[in-house]
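Visitor:
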Amino acid sequence: MTDKTISLYWFFVLFLIASAVVFLVYSLYGKPLDVRQMECVFLAEKVADCVSQGGNIPETILNKGGVFVINSENLLKNCYINRGTENVYGWNNDQLFVSIGFSRFENEIPILGPTFFVGNEHLWDKNSNMNSIDPAKNKNFPVCIERKIYSKGEDGKYYLITISTCVGKKEKNV
Amino acid sequence: MNKNAELLTENLIFILLNLAFFAILAVFVFIKSDDPSIMEEAYAKKIALILDAARPGMEISIDMQKAIDKWDKDYAGKVVSIEGNLVTVKLKQKGGYSYSFFNDVSLNKNFYYPASDGLEYTFIVEPYKKLEEVSK
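First to last, the protein sequences are chains W and A.
Residues in the first sequence are numbered from 46 upward in steps of one, following the working numbering.
Residues in the second sequence are numbered from 888 upward in steps of one, following the working numbering.
Right under this line is the structure:
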């Protein structure tokens, strides 16, 4: 092997090293931090704290007569949630979705009750079964989670509460 | 030029080119990792997430050491500003990153950098006033 061949080979190796470093740097610093999963969990926890306190549904949600005080209009206000977002990328305060479903237990059988939701319902697409999608592999989808909790209402009945939350904000996280 | 001198020159050029290559690579990595905009984004999102998880009555202190290290001293404005439910972290004049938080909390406006080390950002999450006032 001549010196010239070695030199060419050496510069090819250098080129490979440079490409690898540039690729790694851009993959590390070039993409925004994706915090949607954590944001989604915090949102679900906040809603859970709102609808169930110490295992009981507060009267601001369900009164003693078994009538729901909460509805889709006052859900955000009652749970101290602000769905406002920064005014960029054409976002129109539509990057969050919250849904709360109640099922009442009668003789240990859950009876489907009302579901209240607020926000951009397109973020939550039941048909695509968002919960089965690994957010690490499908970053272009909104991140959604579902939580189920059991609580006792002021009417003395037990309820299964299904909380679903979604966060869009794709442009700032992917 | 005799053959030894020629060989020395070739080797010298080869070594210098290699050194230049690695120097450029190191400068590129340094510039990218030292970019304040990365820090602005990280801190804006970190503060927004802390506020999302915050509960009324909490006093929260955030270590801002890494951000202050990258702070452009020519920029005299606020490093962290919270307007409504939007956190903005700005470390240089032509920069800044904003991120929204959903937790509808009021913050004590007296956030400050403690004089002892000058590196912390502190704020107090106030009780939920709006509904309390409504219920009264």
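From the three backbone atoms N, C-alpha and C, an ideal C-beta is built for every residue, glycine too.
#1: Could you tell me if residue 971 of chain A is buried or exposed, where buried requires 16 or more neighbouring beta carbons within 10 angstroms of its beta carbon?
#2: Between residue 172 of chain W and chain A, is the shortest Cβ-Cβ distance under 8 Å, so that the two count as touching?
#3: Going along the region 914-942 of chain A in order, which residues come within less than 9 Å of chain W, judged by CB to CB distance?
#4: Could you tell me whether the region 92-100 of chain W touches the region 116-127 of chain W, using the rule of 3 or more Cβ pairs below 8 Å?
#5: Whole angstroms is fine: what's the gap from residue 1015 of chain A's alpha carbon to residue 138 of chain W's?
#6: Suppose you measure from the CA of residue 162 of chain W to the CA of residue 130 of chain W; what does that come to, to the nearest Å?
#7: Kindly indicate the opening and closing residues of the alpha helix (DSSP H) around residue 908 of chain A.
#8: Just to confirm the assignment, what range does the alpha helix (DSSP H) spanning residue 117 of chain W have?
#9: Can you tell me whether residue 159 of chain W is helix, strand or coil according to DSSP?
#10: Could you name the residues that DSSP lists as bridge partners for residue 1036 of chain A?
#11: Residues bridged to residue 196 of chain W by DSSP?
#12: Count Cβ pairs between the region 56-64 of chain W and the region 195-209 of chain W that sit closer than 8 Å; are there 3 or more?
#13: Which residue wins for smallest C-alpha separation from residue 209 of chain W, given the options W/109, W/165, W/114?
#14: Using a cut-off of 7 Å between C-beta atoms, extract the partners of residue 989 of chain A located in chain W.
#15: When burial is assigned at 16 or more other CB atoms within 10 Å of the CB, is residue 148 of chain W buried or exposed?
#16: Quick test of the definition: if touching needs 3 or more C-beta pairs under 8 Å, does the region 900-917 of chain A touch the region 947-967 of chain A?
#17: So what's residue 952 of chain A in DSSP terms, helix, strand or just coil?
#18: Span of the alpha helix (DSSP H) holding residue 87 of chain W?
#19: Just reading off the alpha helix (DSSP H) that residue 936 of chain A is part of, what are its end residues?
Guide: In short, the structure shows the following:
#1: Burial call: exposed.
#2: Low per-residue confidence applies at residue 172 of chain W: pLDDT is 49, beneath 50, and the placement is therefore not dependable, though the value from the model is reported in the following sentence. It does not: the Cβ of residue 172 of chain W has no partner Cβ on chain A nearer than 8 Å.
#3: Answer in chain order: 915, 916, 919, 920, 922, 925, 928, 929, 932, 933, 935, 936, 939, 940, 942.
#4: Taking 8 Å as the limit for Cβ pairs, the verdict is that the region 116-127 of chain W does touch the region 92-100 of chain W.
#5: Going from the Cα of residue 1015 of chain A to the Cα of residue 138 of chain W covers about 22 Å.
#6: Straight-line Cα distance between these residues: approximately 18 Å.
#7: Residue 908 of chain A -> alpha helix (DSSP H) spans 890-920.
#8: Here residue 117 of chain W belongs to no alpha helix (DSSP H), and DSSP marks it neither H nor E.
#9: Residue 159 of chain W: strand per DSSP, three-state reduction.
#10: It is not possible to answer for residue 1036 of chain A, since the shown part of chain A is limited to 888 through 1023.
#11: Under DSSP, the beta-bridge partners assigned to residue 196 of chain W are W/204.
#12: No contact exists between the region 56-64 of chain W and the region 195-209 of chain W.
#13: Looking at the Cα atoms, W/165 is the closest of the given residues.
#14: Here the neighbours are 88, 126, 127, 128, 141.
#15: Buried, because 16 or more other Cβ atoms sit within 10 Å of the Cβ of residue 148 of chain W.
#16: Because the criterion of three Cβ pairs below 8 Å is not met, the region 900-917 of chain A and the region 947-967 of chain A do not touch.
#17: Three-state DSSP puts residue 952 of chain A in a helix.
#18: Residues 81-96.
#19: DSSP places residue 936 of chain A inside the alpha helix (DSSP H), whose first and last residues are 923-940.
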